[in-house]
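Working notes for the structure below.
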Amino acid sequence: MDAANAYASALKNQGAAGINDKIEKISPVGSVETEGAGSFSDILKESLGGTAEAIAKNEATSVQALNKQADPVDVVTSVQNAEMVLETVVAVRDKVISAYQDIIRMPI
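Residues in the sequence shown are numbered consecutively from 5, following this note's numbering.
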C-alpha cells in the first residue's frame, strides 16, 4: 500500500471527517428550521460519538499490533487518524471557550 492509498484510507475511516457536513446542517439565525436541520447540541453529540469510536478503533488496532496481528501500515494510519481526531476536538473546545469568553465580555 503506497502513501496515497494509506492517506485516502485514513480519510475514509476518520471518525470526525464529517464535522463540516454536520455544521452545514445548523440553521442560520432567524431562519425557519427545516426538517433535516439538527440542533447544535445534537450535532456536537454526534461528532463526539464519532470521536470516541475513532479512538476506540485506534486502541483496538494498537492492541492487535502488540500481539503482532496488525499490519504496521494500519497501525500508523490508525495513530494518525486518532491524532487528527484529537486535534479536531481540541480546536472545537478552544473555539467554544473563546466564544464563551467573548459572550462574558459583552456589556449588558
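Each residue gets a CB set at the ideal place from its N, CA and C atoms; glycine is no exception.
DSSP three-state assignment for residue i, whether helix, strand or coil
i      : result
Ala74  : coil
Met88  : helix
Ile112 : coil
Ser102 : helix
Gly53  : helix
Ser66  : helix
Ser82  : helix
Neighbour-count burial assignment, residue i, 16 or more Cβ in a 10 Å radius
i      : result
Asn71  : exposed
Ser51  : buried
Ile47  : buried
Ala60  : exposed
Val100 : exposed
Cβ-Cβ separation, residue j to residue i (assumed contact under 8 Å), whole Å
i     : j     : result
Val96 : Asn62 : 19 Å between Cβ atoms; not a contact.
Cβ-based neighbour list, residue i, same chain, cut-off 7 Å, excluding 5 preceding and 5 following
i     : result
Ala69 : Val79
Ala74 : Thr65 and Gln68
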